[in-house]
Structures are given as structure tokens and as C-alpha cells.
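K.L.:
This is the structure, below, for whatever I ask next.
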């Protein structure tokens, strides 16, 4: 979670939200959240699990949007 | 009930002492999604206000206020983390409790830094972004 926040603080193009899955069950179902953390970018699920900073940033840059 | 055990509270207070600039927490309240069965007795909005207000008692650099349905917020309750009161797109959607209270504290600590804490290579890579990215990280409190 912290990496997402760090990216948002570092770039005006990025926003980051932690989403408490059990409080938003409809959205969590739409995003097919079976494991956490699940990372979703621009409304499209991307990957599950914590990764190192370098990988996180690479994946953000490569994020696909459906 | 206190949000931290005494030993945790002392640690969080110490961490918050490192804030290099004031951080404002805005609790956004509005219509909430129907929670899971068994959780319906919890007033998530009121609990979020309580957690945030209690967190703010641990540092003079932290302040909070409540807003009803602020613009650009779609899920409620939410906590907007604003360094020096500036909206920078750092948010916690839901009631930050249990393990995830640490995520909110982490957001506050990051927002309290004057310089980004990412590595130079990462900053360079992000500077080259040609589109806006909204990252949602789904988490659970346990």
C-alpha cells in the first residue's frame, strides 16, 4: 500500500486509494478480489501481492486498461 | 475503546514526531454500500470519524475535519490525506481498523515528508508518464 501512496505523492498524474474490500463487497466482486492486496489501475485489475518498488513502478507503466 | 494499545500508541506518537509538515485528514461521509452480513450494526462513518480524531490527538501536526460528499469522492466513508491541506490523491476508502490502521498511519507519514521517498530511478520513470493513473489497492483489515 505504501508504494502506491509514495507514487501518488511523487506524481501529479497518480492517485492512490486503499479500498477496504469487505466494506465494498460489490466493487470487490467486480474487481474479482480473491486475494489481497489486489492492485487495480484505472478500474482494471492488474496483479495480486506485494512487489519490490522497481517492479511496482514497471508494472504501473505497463498497466493495461482492458 | 482506544484505537491503539498503550505500547502501540507510544510508538505511533514517536513516528508522528517525524512529520516534517502538517497533514490534514478529511473524513468524507456519504451514502455507504451495504456492508457484508454481520457488519450491519457498525456505523462505519461514525467509527471512521472516531479513529481519525483519536489519531490526530497523537500529533500537533495532524488535524482533521469532516466533509459531506466532497467532489471526486465516490465511496464512503473515505479518509483524504492532505499534506499542508493540499489534495494530492492519497485516500483510504472504508473504515481503517485492525491491521489496516497501519496503512492510514503510513499514508500520514509519507504525506508528512517534504521530499518523495521513492528511489531516483522510480521518480524518473514516473516523470515520463503520459497518462493519469488511479491506483486502487484492495485490502482487508485482518
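Protein chains in written order, with our numbering: chain A, 82 to 147; chain B, 61 to 202.
Where a beta carbon is used, it is the ideal one built from N, C-alpha and C, also for glycine.
Measure how close the beta-carbons of residue 139/A and residue 84/A come, nearest whole angstrom, since I'm counting them as under 8 Å.
P.N.:
Indexing the first chain from 1 puts residue 139/A at position 58. Indexing the first chain from 1 puts residue 84/A at position 3. Actually they do not touch by this definition, with Cβ atoms about 12 Å apart.
K.L.:
Could you please give the first and the last residue of the uninterrupted alpha helix (DSSP H) stretch that includes residue 167/B?
P.N.:
Reading the second chain from its first residue, position 107 is the one you call residue 167/B. Start and end: 161 to 171.
K.L.:
What is the DSSP secondary structure of residue 65/B, counted as helix, strand or coil?
P.N.:
Along the second chain, read from residue 1 onward, the residue named residue 65/B stands at position 5. Three-state result, residue 65/B: coil.
K.L.:
Around the C-beta of residue 125/B, are 16 or more other C-beta atoms found within 10 angstroms, so that it is buried, or is it exposed?
P.N.:
Mapped onto the second chain, residue 125/B falls at position 65. Residue environment analysis places residue 125/B among the exposed positions, since fewer than 16 neighbouring C-beta atoms fall within 10 angstroms of its C-beta.
K.L.:
If I measure Cβ to Cβ from residue 168/B and keep anything under 8 Å in the same chain, skipping five residues before and after, which residues do I get?
P.N.:
Translated into positions along the second chain, residue 168/B becomes position 108. 76, 79, 83, 85, 115, 122, 141.
K.L.:
If you compare alpha carbons, which of 174/B, 160/B, 161/B is closest to residue 146/B?
P.N.:
By 1-based counting over the second chain, the position of residue 146/B is 86. Per the Cα distances, 174/B.
K.L.:
Excluding five sequence neighbours on each side, which residues of the same chain lie with their C-beta closer than 7 Å to the C-beta of residue 177/B?
P.N.:
For the purposes of this step, residue 177/B is taken as residue 117 along the second chain, with counting starting at 1. 170.
K.L.:
Report yes if the CB atom of residue 99/A is closer than 8 Å to the CB atom of residue 197/B, and no otherwise.
P.N.:
For this step, residue 99/A is matched to residue 18 along the first chain. For this step, residue 197/B is matched to residue 137 along the second chain. Yes, the Cβ-Cβ distance between residue 99/A and residue 197/B is below 8 Å.
K.L.:
I want to verify the contact list: residues of chain B whose CB lies under 8 Å from the CB of residue 89/A, in sequence order.
P.N.:
As a first step, residue 89/A is located in the first chain; it is residue number 8 there, counting from the start. Under the 8 Å cutoff, chain B gives 148, 149, 150, 195.
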